[in-house]
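**Student:** Have a look at this one before I ask anything.
There are 2 protein chains.
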Amino acid sequence: MPESIEKRSYIPEPALRRLPWYLAYVKLLKKKGESQVSSTQIAKKINVLASQIAKDLSYVDIHGKTRVGYDIDHLIEVLESFLGFRSMHRAVLFGVGSLGAALLSDSGLEQFGLKIIAGFDVEASIVNTKISGIPVYHSDDFVELNKSLKANIGILTVPPDFAQQVADRIIEGGVRGIWNFTPFRILVPDNIVLQNTSLYAHLAVMFNRLKDK
Amino acid sequence: MPESIEKRSYIPEPALRRLPWYLAYVKLLKKKGESQVSSTQIAKKINVLASQIAKDLSYVDIHGKTRVGYDIDHLIEVLESFLGFRSMHRAVLFGVGSLGAALLSDSGLEQFGLKIIAGFDVEASIVNTKISGIPVYHSDDFVELNKSLKANIGILTVPPDFAQQVADRIIEGGVRGIWNFTPFRILVPDNIVLQNTSLYAHLAVMFNRLKDK
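First to last, the sequence lines map onto chains A and B.
Residues 109 to 321, numbered by the working numbering, are exactly what the first sequence covers, in order.
Residues 109 to 321, numbered by the working numbering, are exactly what the second sequence covers, in order.
As C-alpha cells, this is what we get:
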C-alpha cells in the first residue's frame, strides 16, 4: 500500500530548498536522453552527499530501485508536483517600481506555478495602466478587488518604509502567503506564510566575501 | 586608537545577512527625524534579540554609547560602507531572457552598489541591441571584451542547462564573483565567490508551507 500524503512527515526547509537543484539536474539528464538516475550520480554533479539526496527524496513520494536508481520521467513529475510547480498560484504584486515592474515582466515565474494577475501602487502615473499586459490598480482598492481576484500570494516590492503597512493590508485582503523582496523585516501572524528574498542582502554577502579574496 | 580593518574578525554569513535589516530600519527612523537608536529599540521592531544585534554590530567598526545607543547618521554610513553599498561594483549579466532582461531594467541595484554594464546572450535577435540602455553582446566575445569592460561580478540568468559552461566562461574572463539565479548548482574554484539566489526554490518553500496551513 502506498504511503499516504497525510502520513508523510513535514519536510525541513533546507531539504525543500535542495529539491529544485535535483529537479534542474534530472531535467538536464532527460534532455540528454537518459532515463534512469541514481542519487550517487546526482551527488557527483551538484556537491551534495548521496545519502543526503536519498534522505531528501524520501520526503517526496518516490522510490528508487537498488542499483538502477530513479526513473527520470517519474522523478521530474513527482518533484514538480511536490514543489507546487504544476499548479497555478494566483499572486498580486505591491509596489510597481523598478524591481516590481521587472518581476511583472518575468514570464518565467509562470512556468514555476506563479501567475501574477495584478499589480498595485499608489502613484497616479502608474495606477490604471498595464505593465506587460498586467493591470495596475490603486493599493487602496485591494481589499475590495481581491474579493473577485482571489489572489492567495502577495509579492512585496514597495519601498522598505511602507513594507509593514502594505503587508498588513495584503493580509486584510485575504492573502495567505507573502513573498517579501524588501530588506525590511515585516511581522506577520502565525497563520501567514512569509518568504523573504532580499536581493540586497545577497549582494552584501557577495561584496563582503569579494573583499576578503 | 581605532581598531584596524585588518584586525577585525571574519563576519559569519547569517550576521552579514541581518545587517541590511538593521540598515533598513534605522533609515526609516532617520526619515522620522530620530537621531539615536539602541539595539533594544531595533530588536523590538524586527524580531531579533538585542544581544544578537549588538553582537552583529560588533563586527562593524561602530560603537554605541551606554543608554544612548548609536548615532543614526553614523550607523547608516558605517553599515552602507561595510556592506559595500557605497562603492560601485561592475557587473555583467549572462542570459538576457525573461528574468535577465528584468534585472537589466532594475535600476534599484545601482543604489546598492551594483552597476550592470553589459548583457551577454547567444540569441541573434538580442545580440547587438540595448535593453534599458545597456548593450547586449554575444557570449562568445566576453573573454575578449572583458579586458576593457573589467567587470568583477557575473550575474547568471541563463537556462539551467548552460549554467555550468557559462560560469566557466565568466571565470575565464576574469570575473571573481558569480551571482547565480539559476536553480542549477554550479561548481566554482575556491578563489571565486558564489552567491546563489534561486527564486524558484523560494517559491517552492512558499507553496509547500501554504499547503500545510
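The C-beta atom is built at its ideal place from N, Cα and C for all residues, glycine as well.
Note that the structure is a prediction, hence the values are computed from the model and not measured.
#1: Nearest-angstrom Cα distance between TYR178 (chain B) and SER247 (chain A)?
#2: Whole angstroms is fine: what's the gap from ASP80 (chain B)'s alpha carbon to THR265 (chain B)'s?
#3: Is ASP181 (chain A) near the ligand COA - that is, is its Cβ less than 7 Å away from at least one heavy atom of it?
#4: Does chain A have any CB closer than 8 Å to the CB of VAL301 (chain B)?
#5: Does any C-beta atom of chain A lie closer than 8 Å to the C-beta of LYS258 (chain B)?
#6: In the DSSP output, what is LYS238 (chain A) paired with across the bridge?
#7: Looking at the secondary structure, which residues open and close the alpha helix (DSSP H) in which LEU165 (chain A) lies?
#8: With a threshold of 8 Å between beta carbons, is TYR308 (chain A) in contact with chain B?
#9: Can you tell me where the alpha helix (DSSP H) with LYS138 (chain B) in it begins and where it stops?
#10: To test your reading of the DSSP string, which unbroken beta strand (DSSP E) runs of 3 or more residues are found completely within the stretch 184-238 of chain A?
#11: When DSSP labels each residue in this structure, what does ASN260 (chain A) get in the three-state scheme?
#12: What is the DSSP secondary structure of ASP179 (chain A), counted as helix, strand or coil?
#13: Specify, as a first and last residue, the run of the alpha helix (DSSP H) that LEU302 (chain B) falls within.
#14: Report the partner residues of GLN273 (chain B) according to the DSSP bridge assignment.
#15: Going along the chain, which residues of its own chain have a beta-carbon closer than 8 Å to the beta-carbon of ARG198 (chain A), five neighbours each way excluded?
#16: Between VAL244 (chain B) and THR237 (chain B), which are expected to be in contact by the criterion C-beta below 8 Å, what is the C-beta distance as a whole number of angstroms?
#17: So which of A:VAL145, A:SER233, A:PRO120 has the shortest CA-CA distance to ALA132 (chain A)?
#18: Per DSSP, what are the beta-bridge partners of ASN316 (chain A) in this structure?
#19: With 9 Å as the limit, tell me which residues of the stretch 179-203 of chain A have their beta carbon closer than that to any beta carbon of chain B; keep them in chain order.
#20: Whether or not the stretch 313-321 of chain A and the stretch 276-285 of chain A are in contact is what I'm after, with contact meaning three or more pairs of Cβ atoms, one per stretch, closer than 8 Å; do they touch?
#21: Work out the CA separation of PHE220 (chain A) and GLY192 (chain A) for me, nearest whole Å.
#22: Comparing the C-beta of ILE119 (chain A) with each C-beta of chain B, is any distance below 8 Å?
#23: Run down chain B in chain order and give the residues with a C-beta less than 7 Å from the C-beta of LEU207 (chain A).
#24: So which of B:ARG277, B:PRO268, B:TYR308, B:VAL313 has the shortest CA-CA distance to PHE292 (chain B)?
#25: Who are GLN144 (chain B)'s beta bridge partners in DSSP?
#26: Between the beta-carbon of LYS321 (chain A) and the beta-carbon of ASN299 (chain B), is there less than 8 Å?
#27: Which residues in the same chain have their Cβ closer than 6 Å to the Cβ of GLY203 (chain A), if we skip the five residues on either side of it in sequence?
#28: Distance check for VAL313 (chain B) and ARG126 (chain A), CA to CA, integer angstroms please.
#29: Apart from the five residues just before and just after ILE180 (chain B), which ones in its own chain have a Cβ nearer than 8 Å to its Cβ?
#30: Please state the DSSP three-state secondary structure of TYR308 (chain A).
#31: Of all Cβ atoms in chain B, is any one closer than 8 Å to the Cβ of LEU137 (chain A)?
#32: Quick one, are the C-beta atoms of SER206 (chain A) and ILE239 (chain A) less than 8 Å apart?
#33: Span of the beta strand (DSSP E) holding ILE286 (chain B)?
#34: Please confirm whether ASN155 (chain B) has its beta-carbon closer than 8 Å to some beta-carbon of chain A.
#35: From ALA275 (chain B) to VAL296 (chain B), what does the alpha carbon distance come to, in whole angstroms?
**Tutor:** On the basis of the coordinates in this document:
#1: Position 70 of the second sequence, counted from the start, is the residue given in the question as residue 178 (chain B). Position 139 of the first sequence, counted from the start, is the residue given in the question as residue 247 (chain A). Looking at the two C-alpha atoms, the distance is approximately 35 Å.
#2: Nothing about residue 80 (chain B) can be reported from this structure: the residues present for chain B run from 109 to 321 only.
#3: The ligand COA is not part of the structure shown, which contains no ligands of any sort.
#4: The residue labelled residue 301 (chain B) in the question sits at position 193 within the second sequence. At least one chain A Cβ lies under 8 Å of VAL301 (chain B).
#5: Position 150 of the second sequence, counted from the start, is the residue given in the question as residue 258 (chain B). Residue-level contact check: LYS258 (chain B) does not touch chain A, since none of the beta carbons of chain A fall below 8 Å from its beta carbon.
#6: Within the first sequence, the letter at position 130 stands for residue 238 (chain A). Partner(s): A:PRO243.
#7: The residue you call residue 165 (chain A) lines up with position 57 of the first sequence. For LEU165 (chain A), the enclosing alpha helix (DSSP H) begins and ends at 158-166.
#8: Within the first sequence, residue 308 (chain A) is the residue found at index 200, counting from 1. Interface criterion met: the Cβ of TYR308 (chain A) is under 8 Å from a Cβ in chain B.
#9: Sequence index remark: in the second sequence, residue 138 (chain B) carries index 30 (1-based). Element bounds for LYS138 (chain B): 121-139.
#10: Counting only runs of 3 or more, we get 197-202, 222-229.
#11: The residue given as residue 260 (chain A) occupies position 152 in the first sequence. Three-state DSSP puts ASN260 (chain A) in coil, outside helix and strand.
#12: Counting from one through the first sequence, the residue named residue 179 (chain A) turns up at place 71. In this structure, ASP179 (chain A) counts as strand in the three-state DSSP scheme.
#13: One-based indexing of the second sequence puts residue 302 (chain B) at position 194. Run containing LEU302 (chain B): none in the alpha helix (DSSP H); it sits in the beta strand (DSSP E), 301-304.
#14: Here residue 273 (chain B) corresponds to residue number 165 of the second sequence, with the count starting at 1. Paired residue(s): none; GLN273 (chain B) is not in a bridge.
#15: For the purposes of this step, residue 198 (chain A) is taken as the residue at position 90 of the first sequence. LYS223, ILE225, LEU257, LYS258, ALA259, ASN260, ILE261.
#16: Your numbering for residue 244 (chain B) matches position 136 in the second sequence. Your numbering for residue 237 (chain B) matches position 129 in the second sequence. That pair is a contact at about 5 Å.
#17: Residue 132 (chain A) sits at position 24 when you count from the first residue of the first sequence. Of all alpha-carbon atoms in A:VAL145, A:SER233, A:PRO120, the one lying nearest the alpha-carbon of ALA132 (chain A) is that of A:VAL145.
#18: The residue labelled residue 316 (chain A) in the question sits at position 208 within the first sequence. Beta-bridge pairing links ASN316 (chain A) to no other residue.
#19: When C-beta distances to chain B are compared with 9 Å, the residues of the stretch 179-203 of chain A below that value are PHE190, LEU191, GLY192, PHE193, SER195, HIS197, in chain order.
#20: Too few Cβ pairs lie closer than 8 Å, so no.
#21: Counting from one through the first sequence, the residue named residue 192 (chain A) turns up at place 84. Counting from one through the first sequence, the residue named residue 220 (chain A) turns up at place 112. Their Cα atoms are separated by approximately 8 Å.
#22: Position 11 of the first sequence holds residue 119 (chain A). Under the Cβ criterion of 8 Å, ILE119 (chain A) is counted among the residues facing chain B.
#23: Position 99 of the first sequence, counted from the start, is the residue given in the question as residue 207 (chain A). ASP214, GLY216, listed in chain order.
#24: Here residue 292 (chain B) is taken as the residue at index 184 of the second sequence, counted from 1. Among B:ARG277, B:PRO268, B:TYR308, B:VAL313, the Cα nearest to that of PHE292 (chain B) is on B:PRO268.
#25: If you number the second sequence from 1, residue 144 (chain B) lands on position 36. In DSSP, GLN144 (chain B) forms a bridge with B:ASP179.
#26: For this step, residue 321 (chain A) is matched to residue 213 along the first sequence. For this step, residue 299 (chain B) is matched to residue 191 along the second sequence. Result yes, Cβ atoms of LYS321 (chain A) and ASN299 (chain B) sit closer than 8 Å.
#27: Along the first sequence, one-based indexing puts residue 203 (chain A) at 95. Leaving aside the five residues that flank GLY203 (chain A) on each side, the residues in its chain whose CB is nearer than 6 Å to its CB run, in chain order, THR265, VAL266.
#28: As a working mapping, residue 126 (chain A) is identified with position 18 in the first sequence. As a working mapping, residue 313 (chain B) is identified with position 205 in the second sequence. Using only the alpha carbons, I get a separation of about 10 Å.
#29: Within the second sequence, residue 180 (chain B) is the residue found at index 72, counting from 1. Once the five neighbours on either side are set aside, the close Cβ partners of ILE180 (chain B) are VAL134, LEU137, LYS138, GLU142, SER143, GLN144, VAL145.
#30: In the first sequence, the residue the question calls residue 308 (chain A) occupies position 200. In the structure shown, TYR308 (chain A) sits in a helix (DSSP, three-state: H, G or I).
#31: Within the first sequence, the letter at position 29 stands for residue 137 (chain A). By this cut-off, LEU137 (chain A) is not an interface position.
#32: Residue numbering aside, residue 206 (chain A) sits at position 98 when the first sequence is read from its first letter. Residue numbering aside, residue 239 (chain A) sits at position 131 when the first sequence is read from its first letter. Result no, Cβ atoms of SER206 (chain A) and ILE239 (chain A) do not sit closer than 8 Å.
#33: For the purposes of this step, residue 286 (chain B) is identified with residue 178 of the second sequence, where counting begins at 1. Its beta strand (DSSP E) spans residues 285-288.
#34: Along the second sequence, read from residue 1 onward, the residue named residue 155 (chain B) stands at position 47. Residue-level contact by beta carbon holds for ASN155 (chain B) and chain A, with a gap shorter than 8 Å.
#35: Walking along the second sequence from the start, residue 275 (chain B) turns up at place 167. Walking along the second sequence from the start, residue 296 (chain B) turns up at place 188. Going from the Cα of ALA275 (chain B) to the Cα of VAL296 (chain B) covers about 8 Å.
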